[in-house]
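Notes for the one structure printed next.
Protein chains: 2
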Amino acid sequence: MVTAASLKPKKAGASAKSEAPLEPIRDAERTRQALLAAAEIEFSTKGLAGARVDVIAEQAVANKRMLYYYFGSKEDLYLAVLERAYGAMRETESHLNLTDLEPLQAIKALVEFKFDYCEQHQQIIALLAGENMLGAKHLKRSKRLRDMNQSLVDVLHTVLAAGEAKGEIRSGIDALHLYISMSALSYFYFSNSSTLSVAFERQLSSAAERKLRRAHCVDVIMSYVTPR
Amino acid sequence: MVTAASLKPKKAGASAKSEAPLEPIRDAERTRQALLAAAEIEFSTKGLAGARVDVIAEQAVANKRMLYYYFGSKEDLYLAVLERAYGAMRETESHLNLTDLEPLQAIKALVEFKFDYCEQHQQIIALLAGENMLGAKHLKRSKRLRDMNQSLVDVLHTVLAAGEAKGEIRSGIDALHLYISMSALSYFYFSNSSTLSVAFERQLSSAAERKLRRAHCVDVIMSYVTPR
DNA sequence: GAGCTATATAACTAACTAGATAATTATTCA
DNA sequence: TGAATAATTATCTAGTTAGTTATATAGCTC
């Protein structure tokens, strides 16, 4: 696991005796990345308002001034974190190559991908939750993010059309709403697992429960797309 | 619409000329309710950390001291808001009488209820999002909330069994996961509508879009529960 | 190796914020 | 009616927080 601090060794060349190439004491990129990593943790666990710039700097083993030097303000750092996490998700999605699969297999693969991505990147769920509370004002402002639009819904539309032509997928499905439902079934399970676990006194985050949930999500979506 | 301030008229008996019964200048319950209403808005739009006690007091047209007088602390006020909103939802759910309906009708009614409740009480969505970010620590602490457990999932279980006996509902459905999925399909649509609208450049919160989404949610769940 | 500049540090500050103090006034009830 | 109590107000305070200032130095260029 890459922690924020692990990116920022306290002393130059502290690793591998003395003949190893010395890590420079000053390294703009390393500091930037350490700040981003620490900020992602801080913002995703406490939200924009609850996050503390001093904590971020401390966790990144950087001076607080560096945060302002590289990112300008707390809010701009938050936006940088959001852009990076959201961009990474879109980037990963763009390499799925769903059109290479049989339509039904593609649908299944997409549901499973959504579930697995949520499981492996729970920070983005929290970041999105916070951003939605603020009416997505930062996302709206972001050029970088408004440029990386559509993609997966378009692919899904193509997949649905292909499946429909083959008689394997029912007609009249709205690709966007199907995409939202696929996301919803996984996202909600992870985003609300704390309150759900309390309300239903069932430890929903165990490995066994997750496996169950993953299969359930696939089941729900496959039932929906299959013609009757 | 009941705003926080409307509960708290500036002057006694300001309404309906002079022969109307004078509203008392001091009214503990009115002040308490005004604070709760203002706090619900503040906490649901800004989260626990982002909310400001001064803003809550101002919006409630109450002195800040009253907030501490009645609720003790910012965090206890937050818990009171959470308990009230969550309790109201559970209370409403408990009056659904789903077992009086035919199994399939009951399922449909529950999906529609979930959707309509989300639409009409979007504050609770934001409150839950914030509470989940904090690991549900307040919900866990709350006696009142831990006492109002289970209910709807039990009812759903009964409905599923009845439907299964009639051959109208497929066997082997996990009532809890079905309940989570019902919630997820509606909740996610409302909780993430800001970011979804930005990402997909489609104004998802219009009345027409909501109608579409509601039908889609019903469709997805009914497809799932129906035997093949 | 002198000088330059990007990177880094420590210490400071002005504004904000949750909560406390203490005095005041409306209402109740004997 | 008048003392007791409940509700309310204005003002203060100690601690926190985002952002700044002033200064230092590592590492590069020539």
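Here the protein sequences line up with chains A and B, keeping their order.
Here the first sequence is numbered in our numbering, starting from 112 and rising by one per residue.
Here the second sequence is numbered in our numbering, starting from 112 and rising by one per residue.
Glycine is no exception: its CB is placed at the ideal position from the N, C-alpha and C atoms.
Because the structure is a prediction, the values reported are computed rather than measured.
Taking a contact to require three or more Cβ pairs closer than 8 Å, the region 322-334 of chain A and the region 320-330 of chain B do not qualify as touching. A:Val-164 and A:Lys-175 have their C-alpha atoms spaced approximately 7 Å apart. Runs of the beta strand (DSSP E) spanning 3 or more residues and lying entirely within the region 228-314 of chain B do not occur at all. One finds nothing in chain B with a Cβ atom closer than 9 Å to the Cβ of A:Arg-255; even the nearest lies about 12 Å away.
Leaving aside the five residues that flank A:Met-293 on each side, the residues in its chain whose CB is nearer than 7 Å to its CB run, in chain order, Leu-221, Val-222, Lys-225, Ile-332. A:Ile-152 and A:Ser-302 have their C-alpha atoms spaced approximately 16 Å apart. Around the C-beta of B:Gly-158, 16 or more other C-beta atoms lie within 10 Å, and the residue is accordingly described as buried. In the structure shown, the three-state DSSP call for B:His-327 is helix.
In this structure A:Lys-277 is not in contact with A:Pro-338, their Cβ atoms being roughly 10 Å apart against a cut-off of 8 Å. Contacts with chain B at 8 Å (Cβ-Cβ) include A:Val-309. Between B:Tyr-298 and B:Ile-236, the C-beta gap is smaller than 8 Å, which places the two residues in contact.
Along the region 210-235 of chain B, there is no position whose C-beta sits under 8 Å from a C-beta of chain A. Annotated as proximal: A:Leu-287 and B:Phe-311, with beta-carbon spacing under 8 Å.
The Cβ atoms of B:Ser-334 and B:Ser-262 lie no closer than 8 Å to each other. Between A:Tyr-228 and A:Val-264, the beta carbon gap of about 16 Å keeps them out of contact (Cβ cut-off 8 Å). Flagged as an interface residue toward chain B: A:Met-244, by a C-beta distance shorter than 8 Å. Contact check for A:Leu-256 and A:Glu-194: beta-carbon distance about 6 Å, within the 8 Å limit, so the pair qualifies.
Excluding five sequence positions before and after B:Val-266, the CB atoms of its chain that fall closer than 8 Å to its own CB belong to Leu-207, Leu-209, Thr-210, given in chain order.
Here B:Ala-295 is buried, its C-beta having at least 16 other C-beta atoms within 10 Å. For A:Val-164, the enclosing alpha helix (DSSP H) has its first and last residue at 164-170. In the three-state reduction of the DSSP assignment, A:Ile-152 falls in the helix class, which pools H, G and I. The DSSP-derived three-state label of A:Thr-210 is helix. In summary, A:Glu-242 is buried, with 16 or more beta-carbon neighbours lying within 10 Å of its beta-carbon over all protein chains present. Contact annotation: in the region 287-298 of chain B, residues whose CB is within less than 9 Å of a CB in chain A are Leu-287, His-288, Leu-289, Tyr-290, Ile-291, Ser-292, Ser-294, Ala-295, Leu-296, Ser-297, Tyr-298. When C-beta distances to chain A are compared with 7 Å, the residues of the region 158-186 of chain B below that value are Gly-158, Ala-160, Gly-161, in chain order.
About 6 Å separates the beta carbon of A:Ala-173 from that of A:Ala-145, a gap short enough to meet the 8 Å contact definition. In chain order, Leu-239, Glu-242, Asn-243, Ala-247, Leu-250 make up the part of chain A whose C-beta sits under 7 Å from the C-beta of B:Thr-306. With its beta carbon at least 8 Å from every one in chain A, B:Tyr-189 lies outside the interface. According to the DSSP assignment, B:Glu-204 belongs to the alpha helix (DSSP H) that extends over 185-205. Within the region 307-331 of chain A, Leu-307, Ser-308, Val-309, Ala-310, Phe-311, Glu-312, Arg-313, Leu-315, Leu-323, Arg-324, His-327, Cys-328, Asp-330, Val-331 place their CB atoms closer than 9 Å to a CB of chain B, listed in sequence order.
Interface residue (Cβ-Cβ distance to chain B less than 8 Å): A:Val-264 is classified as such. Each residue's CA atom was taken as its position, placing B:Lys-251 and A:Ala-199 some 34 Å apart. Annotated three-state conformation of B:Ser-317 is coil, per DSSP. Under a criterion of Cβ atoms nearer than 7 Å, the residues of chain B adjacent to A:Asn-303 are, in order, Leu-239, Asn-243. The beta carbon of A:Ser-316 lies closer than 8 Å to those of Ser-304, Ser-308 in the same chain, with the five residues before and after it left out.
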